[in-house]
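Last residue of the sequence shown: 292 (UniProt numbering), numbering continuous. Here's the structure, in structure tokens; my notes come after.
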Amino acid sequence: MDKILEIKNLNKGFDDFQLKNISLSVPTGTIVGLIGENGTGKSTIINLIENLLKEDSGEIYVFGENMRENEKRLKQKMGIIYDTCHYNEKFKCQDIENMMKLVYDNWDSTLYNEYLDKFNLPRNKRIEKFSKGMKMKLCFAAELAHHPRLLILDEATSGLDPIIRDEILEILQEFIMDENNGVLMSSHITSDLDKIADYIIFIHEGEIMFTKSYEDIHDHFGLIHCGQKVFEAMDKKDILAYKKEDFEYKVLVEDRESFAKIYQDLVIDKATIEDVMLLYVRGTRINESINL
Ligand SMILES: Nc1ncnc2c1ncn2[C@@H]1O[C@H](COP(=O)(O)OP(=O)(O)OP(=O)(O)O)[C@@H](O)[C@H]1O
Numbered sequence: 001m002d003k004i005l006e007i008k009n010l011n012k013g014f015d016d017f018q019l020k021n022i023s024l025s026v027p028t029g030t031i032v033g034l035i036g037e038n039g040t041g042k043s044t045i046i047n048l049i050e051n052l053l054k055e056d057s058g059e060i061y062v063f064g065e066n067m068r069e070n071e072k073r074l075k076q077k078m079g080i081i082y083d084t085c086h087y088n089e090k091f092k093c094q095d096i097e098n099m100m101k102l103v104y105d106n107w108d109s110t111l112y113n114e115y116l117d118k119f120n121l122p123r124n125k126r127i128e129k130f131s132k133g134m135k136m137k138l139c140f141a142a143e144l145a146h147h148p149r150l151l152i153l154d155e156a157t158s159g160l161d162p163i164i165r166d167e168i169l170e171i172l173q174e175f176i177m178d179e180n181n182g183v184l185m186s187s188h189i190t191s192d193l194d195k196i197a198d199y200i201i202f203i204h205e206g207e208i209m210f211t212k213s214y215e216d217i218h219d220h221f222g223l224i225h226c227g228q229k230v231f232e233a234m235d236k237k238d239i240l241a242y243k244k245e246d247f248e249y250k251v252l253v254e255d256r257e258s259f260a261k262i263y264q265d266l267v268i269d270k271a272t273i274e275d276v277m278l279l280y281v282r283g284t285r286i287n288e289s290i291n292l
């Protein structure tokens with residue numbers, strides 16, 4: 001499978017933060033979700049891809065070409081959407097079009113207008129009169145209308161209501177139906193990633209903790225709720241992490257099936273991405289040797 005984006009050994013240091021040796025890729029036809037707590041380095045990675053920050057070391061390839069050497073050309077095929085809309089607030093939809101068609105060779109006026117209709121965005125209002133959701137939809141319309149192949153979203157769905165988020169997730173799924181396209185999206189809303197991500201990259205304190213296919217998490221990881229006695233009886237080599245809560249223990253296991261064979265009386269739920277993230281970050285990690 002071709003890689004639409006590939007990052008190799010990326011490092012970037014600030015006074016009090018270090019992004020360490022990040023290597024990741026977005027295969028074509030996939031959505032890759034970047035998850036992690038606040039301040040863990042997700043936006044820094046995206047800003048480095050966009051060349052808004054200069055890396056200390058490492059390489060970034062888009063469509064197999066070096067991003068730093070071919071930025072202007074490669075950006076023609078990239079769309080980026082942040083958590084807020086950066087267009088001039090005095091603009092109307094037509095002004096955005098007038099600006100974008102000067103920037104992008106592949107600007108598609110018909111497609112842009114189709115999105116404006118689909119999203120019910122008024123042509124006669126200035127952006128300053130748009131709601132947050134309308135502004136974000138406008139960003140999606142404008143970024144999709146130049147036919148990007150790589151879409152990068154930095155918390156672009158946060159702050160949107162579930163109905164708009166669902167519409168946007170559908171658009172992303174349509175977008176990757178074209179096997180030439182790919183999406184890298186950072187999101188706090190792990191339930192969105194549960195719905196659409198093919199791969200999950202978990203960043204913690206500037207480092208990649210794991211890269212897993214969504215299927216792998218969904219098909220194998222398990223979550224057990226149990227009392228202290230049951231927890232104490234568990235062989236700790238069988239579990240990944242646990243968290244003691246007021247009235248129960250939450251236990252994360254990497255392989256539900258094998259665990260169920262040993263602990264036949266326990267109910268084992270499927271672990272969501274949020275369960276994995278919470279237990280890994282806020283719980284106690286037992287088995288560091290297991291390579292998540
Ligand atoms: N330009 C900068 N100068 C100095 N420090 C920075 C700069 N950009 C980011 N940082 C620091 O890098 C760290 C990671 O920030 P970053 O915005 O990448 O995190 P994030 O994972 O995207 O967080 P959030 O989910 O809150 O958006 C933070 O400690 C932040 O203060």
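The beta-carbon is built from N, C-alpha and C at its ideal position, and this holds for glycine as well.
Notebook entry, point to check: What span of residues does the beta strand (DSSP E) with proline 27 cover, start to end?
Noted result: Proline 27: member of the beta strand (DSSP E) spanning 17 to 27, first to last residue.
Notebook entry, point to check: Closer than 7 Å: is that where the CB of phenylalanine 14 sits relative to any heavy atom of ligand 1?
Noted result: Checking every heavy atom of ligand 1 against the Cβ of phenylalanine 14, one is found closer than 7 Å.
Next item on the list: Please classify alanine 271: does DSSP put it in a helix, a strand, or coil?
Entry: In the structure shown, the three-state DSSP call for alanine 271 is coil.
Next item on the list: In the DSSP assignment, find the unbroken alpha helix (DSSP H) run with histidine 220 in it and report its ends.
Entry: Looking at the DSSP string, the run of the alpha helix (DSSP H) that includes histidine 220 is 214 to 220.
Next item on the list: Note down, in chain order, each residue of its chain lying with its Cβ closer than 6 Å to the Cβ of alanine 145, except the 5 sequence neighbours on either side.
Entry: Excluding residues within five positions, the ones whose Cβ falls inside 6 Å are Asp108, Leu111 and Tyr112.
Item checked: For methionine 209 and lysine 135, the rounded distance between their alpha carbons -> Using only the alpha carbons, I get a separation of about 34 Å.
Margin query: Am I right that isoleucine 35 and threonine 190 are in contact with their C-beta atoms under 8 Å? What's the rounded C-beta distance?
Written below: Going by Cβ atoms, the distance from isoleucine 35 to threonine 190 rounds to 6 Å, so yes, they are a contact pair.
Margin query: Under 7 Å: does the beta carbon of glycine 159 sit that close to some heavy atom of ligand 1?
Written below: At a cut-off of 7 Å, the beta-carbon of glycine 159 does not count as near ligand 1: no heavy atom of the ligand is closer than that.
Item checked: glutamate 8, enclosing alpha helix (DSSP H) - first and last residue -> The identity of residue 8 in the sequence shown is lysine, whereas the question assumes glutamate. Careful: lysine 8 lies outside any alpha helix (DSSP H), inside the beta strand (DSSP E) at 3 to 14.
Notebook entry, point to check: Taking the alpha-carbon positions, what's the phenylalanine 221 to lysine 270 distance?
Noted result: Whole-angstrom Cα-Cα distance: 6 Å.
Margin query: Can you tell me whether phenylalanine 259 sits near ligand 1, meaning its C-beta is under 7 Å from at least one heavy atom of the ligand?
Written below: Outside the cutoff, so no.
Next item on the list: Indicate, with yes or no, if ligand 1 has a heavy atom lying under 7 Å from the CB of phenylalanine 17.
Entry: Result yes, Cβ under 7 Å from ligand 1.
Note to self: For the pair the stretch 45 to 53 and the stretch 83 to 102, tell me if three or more CB-CB distances fall below 8 Å.
What the structure shows: Touching, no.
Next item on the list: Could you name each continuous beta strand (DSSP E) segment of 3 residues or more that falls completely within the stretch 149 to 192, going from the start of the chain to the end?
Entry: For secondary structure counted as the beta strand (DSSP E) over 3 or more consecutive residues, the stretch 149 to 192 holds these complete runs in sequence order: 150 to 154 and 182 to 186.
Check: Just checking, does the stretch 10 to 26 make contact with the stretch 111 to 127 on the three C-beta pairs under 8 Å criterion?
Finding: Two segments are said to touch when three or more pairs of C-beta atoms, one from each, lie closer than 8 Å; by this definition the stretch 10 to 26 does not touch the stretch 111 to 127.
Check: Run through DSSP, which three-state label would serine 109 get?
Finding: Serine 109 sits in a helix when the DSSP states are folded into three classes.
Next item on the list: Just grab the DSSP bridge partners of isoleucine 31 for me.
Entry: According to DSSP, isoleucine 31 bridges with Val183.
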